[in-house]
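2 protein chains.
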Amino acid sequence: MAKDEPTTTSPQTYQRLQNQLAQIIAVTKPGERLLAEPELAKQMGVSRATLREAMRTFEGQGLIRRRQGVGTFVVGHPQVIETGLEVLQSIETLAKRIGLEVSMGDLKISKIEASAEQARSLQVEVEAPLLQVSRVILTDDRPVAYLVDILPQNLLSQEELQDGFNGSVLDFLLRRKQPALTKSLTDIQAVAASSSIARALEIQRGDVLLMFVARLFAEDGRVIDFSTSYFLPGYFHFQLVRRVE
Amino acid sequence: MAKDEPTTTSPQTYQRLQNQLAQIIAVTKPGERLLAEPELAKQMGVSRATLREAMRTFEGQGLIRRRQGVGTFVVGHPQVIETGLEVLQSIETLAKRIGLEVSMGDLKISKIEASAEQARSLQVEVEAPLLQVSRVILTDDRPVAYLVDILPQNLLSQEELQDGFNGSVLDFLLRRKQPALTKSLTDIQAVAASSSIARALEIQRGDVLLMFVARLFAEDGRVIDFSTSYFLPGYFHFQLVRRVE
DNA sequence: CAGTGGTCTAGACCACACG
DNA sequence: GTGTGGTCTAGACCACTGA
Numbered sequence: 156m157a158k159d160e161p162t163t164t165s166p167q168t169y170q171r172l173q174n175q176l177a178q179i180i181a182v183t184k185p186g187e188r189l190l191a192e193p194e195l196a197k198q199m200g201v202s203r204a205t206l207r208e209a210m211r212t213f214e215g216q217g218l219i220r221r222r223q224g225v226g227t228f229v230v231g232h233p234q235v236i237e238t239g240l241e242v243l244q245s246i247e248t249l250a251k252r253i254g255l256e257v258s259m260g261d262l263k264i265s266k267i268e269a270s271a272e273q274a275r276s277l278q279v280e281v282e283a284p285l286l287q288v289s290r291v292i293l294t295d296d297r298p299v300a301y302l303v304d305i306l307p308q309n310l311l312s313q314e315e316l317q318d319g320f321n322g323s324v325l326d327f328l329l330r331r332k333q334p335a336l337t338k339s340l341t342d343i344q345a346v347a348a349s350s351s352i353a354r355a356l357e358i359q360r361g362d363v364l365l366m367f368v369a370r371l372f373a374e375d376g377r378v379i380d381f382s383t384s385y386f387l388p389g390y391f392h393f394q395l396v397r398r399v400e
Numbered sequence: 156m157a158k159d160e161p162t163t164t165s166p167q168t169y170q171r172l173q174n175q176l177a178q179i180i181a182v183t184k185p186g187e188r189l190l191a192e193p194e195l196a197k198q199m200g201v202s203r204a205t206l207r208e209a210m211r212t213f214e215g216q217g218l219i220r221r222r223q224g225v226g227t228f229v230v231g232h233p234q235v236i237e238t239g240l241e242v243l244q245s246i247e248t249l250a251k252r253i254g255l256e257v258s259m260g261d262l263k264i265s266k267i268e269a270s271a272e273q274a275r276s277l278q279v280e281v282e283a284p285l286l287q288v289s290r291v292i293l294t295d296d297r298p299v300a301y302l303v304d305i306l307p308q309n310l311l312s313q314e315e316l317q318d319g320f321n322g323s324v325l326d327f328l329l330r331r332k333q334p335a336l337t338k339s340l341t342d343i344q345a346v347a348a349s350s351s352i353a354r355a356l357e358i359q360r361g362d363v364l365l366m367f368v369a370r371l372f373a374e375d376g377r378v379i380d381f382s383t384s385y386f387l388p389g390y391f392h393f394q395l396v397r398r399v400e
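Top to bottom, those sequences are chains A and B.
Each number in this note's numbering corresponds to the 1-based position in the first sequence with 155 added.
Each number in this note's numbering corresponds to the 1-based position in the second sequence with 155 added.
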C-alpha cells in the first residue's frame, strides 16, 4: 500500500478528524442523525470549517447524507447497480434486472432551442426546436443519478411522452421501435457537481460525479438523442472488458 | 440549457466570483501568474476562503494550476488524449499514436505483501510477495495521470524491469509475450483525490479524478496485473460505443 | 530570506425544514 | 419560531519554493 509520507511532523487535523469521524459513523445506526455541526466541532476541538472539510470524504463515499435544515444522517450500505457498459440500457432496466427498486423524481420536460453545442451534437441547426427531458433516479428515497435527454421535437413530442412513460427516453424509443436505434457513442468523464445538479442529487456542490455524455444513433446515421448522465459514486459499478491486441 | 434557479434574491458570491475569475483567466496568457491570493481577494472584495472556493472550479477544469510556494498559473489549452476504451493500451502507446509527447515521473518500484483486497483481485494468498510499480504521466511538464500496477513477483522481478522499461508495465508484458495476455476487466469510477495522490498530480486534495481499476488476464485465466489509474479531467477523452439491442 | 499557496479558527449571517 | 446545514469573513499560522 502506498503510504502518505508527511514531510511535516504531525498529521493534518482533517486526517485525524477523518479517523474520529469514521469511528462515529461506524457506531451510528443507518438512518440516525449525527450531532449538529457546531456541537460536533466543539466536542472534537476543531472549528466548524475543519469539521466540514473532514466530512466531505464521507459524503463523497455516500456514507453520510447532509440535508440543509434537517441534519446529517448515516446512510446504510446501499445496493450497488452493477453493469457492463457494452450494451446501452436504461437505469430502469438495469435496476429491474437485479431486482432493485428505483423510482423517478423531479421529471421535467421542456421545449428549448438548440445551443451551438447541442446543434452540433444532434446534427441540427442552431435554435432548432428541441425537447429536454430531465429526471432524477432514486433508490430507497436516495437520489443516485441525474439524467438529461435532449432530442429533436420532431422525433418525440411532449404529448407522446404522456402515456406509458416510465421516465426513460431510451426505453420509450426502444418500445416505439421507430426509428430503429443502433448504437450510442458515450464519452466518460469525472466532474464536480454544479450548484443545480448538487441540489437535484441532494449532495454538496463540488462533490464528485461520474458523467456520461452520449449520442444515440439511428440506423440511418441520424443522432436521435443527446444525453448527459450524472452518477453518484458508490451506487454504481460500471465495468468494461478491454481487449488486448 | 437547464438554468440555475436561485430561490434566493441574489446569486452566491462564489458564482459572481467565478465569472470575474473566468474573465481574468481569459485575458491572462498561458504560463503567466495570477496575483497572489490575498491580493486578489482584496481586489475582488471577498475573503480569501471565498476566492479559493471559486478557484476550485477552474483548477478542476485544468485551466489554472496552483503550486504551493510559487503561485497560481494560467494553463494553456492542453492537447487532449482521445481514445476508445475497447482496446487496452498504455498511455505511452496512446500518446505516441496521436503524436503527443509524454514523459514519466516519480517512478517507484517496491516489493509489498498482498493485502486482503489485493490477494482477492490477483487470486493469490494474503501476504504473497507482490511488486508495486507506480508512476506519474506528464505532458508538457504537467502531471496528468497517476498509475499503480501491482503484480505477483514471480511474474515480473524488479531486475527485469531495469532494461528497456518505459514505465508501462502493460507494454513490458506485451513485449515479453510471456505470459500471453487476453483481456482486462476494468471498473470505472469517479473519486476525489486523496492527499497523496493530490501531491503526486500537483492538484488539490478533493479535486475530481476519473479512476480505472483493472484486472489484466492471461490466456490461462490467471490475473497478471491489478492496476489503478487516476486521470485528470480535461486531458483525456475516453469514448465507448455501446450497443443497442 | 520573502512570498506563495495550504490549513485552520472563531464568529457571523443566510436559506431551509419542520413543527 | 427553532435548529439545521450552507456560505462568508478577517485573521492567523504553517509548509513550501526560489532567490
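Here a beta-carbon is modelled for each residue, glycine too, at the ideal position from N, C-alpha and C.
Item                                                                                                                   : Value
Length of the line joining the Cα atoms of B:Thr-238 and B:Ile-343                                                     : 15 Å
Limits of the beta strand (DSSP E) - the one that A:Thr-183 falls within                                               : Segment: none, A:Thr-183 is in no beta strand (DSSP E) and carries neither H nor E.
Enclosing alpha helix (DSSP H) for B:Arg-354 [first to last residue]                                                   : 350-356
Where B:Tyr-385 falls: helix, strand or coil (DSSP)                                                                    : strand
Chain B contact residues for A:Pro-388, given Cβ-Cβ distances below 7 Å                                                : Gln-344, Ala-345 and Val-346
Under 9 Å between C-beta atoms of B:Glu-116 and B:Ala-269                                                              : The displayed coordinates of chain B run from 156 to 400. Any statement about residue 116 of chain B would go beyond what the structure contains.
Residue interval of the alpha helix (DSSP H) (run including B:Ile-236)                                                 : Element bounds for B:Ile-236: not the alpha helix (DSSP H) but the beta strand (DSSP E), 236-239.
Collapsed DSSP secondary structure at B:Glu-256 in the structure displayed                                             : coil
CB contact check: A:Ala-369 to chain B, cutoff 9 Å                                                                     : yes
Min CB distance B:Met-210 to chain A below 9 Å                                                                         : no
Presumed contact (8 Å Cβ cut-off) between B:Leu-387 and B:Leu-356, rounded CB distance                                 : 6 Å
Residue nearest to B:Ser-323 in terms of C-alpha spacing, selected from B:Gln-273, B:Leu-249, B:Glu-374 and B:Gly-231  : B:Leu-249
Boundaries (first-last residue) of the beta strand (DSSP E) holding B:Ala-373                                          : 363-373
Per-residue DSSP class, three states only, for B:Lys-332                                                               : coil
Which of helix, strand or coil DSSP assigns to A:Leu-195                                                               : helix
Residue(s) in a DSSP beta bridge with B:Val-242                                                                        : A:Arg-398
Bridge partner(s) assigned by DSSP for B:Pro-298                                                                       : B:Leu-293
Cα-Cα separation, A:Leu-262 to A:Val-303                                                                               : 10 Å
Candidates B:Ala-209, B:Ser-258, B:Gly-224 and B:Ala-274: closest to B:Val-196 by CA position                          : Per the sequence shown, residue 196 of chain B should be read as Ala rather than Val. Checking every option, the nearest Cα to that of B:Ala-196 belongs to B:Ala-209.
Interface flag, B:Lys-338 vs chain A, CB-CB below 9 Å                                                                  : yes
Cβ shell of B:Leu-395 (< 6 Å), same chain only, five flanking positions each side left out                             : Leu-240
Cβ separation of A:Ile-226 and A:Arg-188, assumed to be a contact under 8 Å, to the nearest whole Å                    : Ile is not the amino acid found at residue 226 of chain A; the sequence shown has Gly there. Right, their Cβ atoms sit about 4 Å apart.
Per-residue contacts from B:Phe-393 into chain A (C-beta, under 8 Å)                                                   : Asp-342, Ile-343 and Gln-344
Min CB distance B:Gln-308 to chain A below 9 Å                                                                         : no
Straight-line gap, A:Gln-333 to A:Val-299 (C-alpha atoms, nearest Å)                                                   : 30 Å
Burial state of B:Arg-211 (16 or more Cβ within 10 Å)                                                                  : buried
B:Glu-192 beta carbon less than 9 Å from that of B:Leu-172                                                             : no
9 Å Cβ cutoff, B:Met-199 in contact with chain A                                                                       : no
B:Ile-253 burial status per 10 Å Cβ neighbour count (16 or more: buried)                                               : exposed
Cβ neighbour criterion (16 or more within 10 Å) applied to A:Glu-214                                                   : buried
Chain-ordered neighbours of B:Arg-242 on chain A, where CB pairs are closer than 9 Å                                   : In the sequence as displayed, the identity of residue 242 of chain B is Val instead of Arg. Per Cβ cutoff of 9 Å: Arg-397, Arg-398, Val-399 and Glu-400.
Which listed residue (A:Ile-236, A:Ile-219, A:Ser-276 and A:Arg-290) has its alpha carbon closest to that of A:Arg-377 : A:Ser-276
Contact set between B:Gly-361 and chain A, taken where Cβ atoms lie within less than 7 Å                               : Arg-211
beta-carbon A:Arg-221 near the ligand ZN non-hydrogen atom, thresh 8 Å                                                 : Looking at this structure, you won't find the ligand ZN or any other ligand, since it has none at all.
Test: A:Ile-292 CB closer than 9 Å to a CB of chain B                                                                  : no
Pair within 9 Å by beta-carbon distance, B:Tyr-385 and B:Leu-365                                                       : yes
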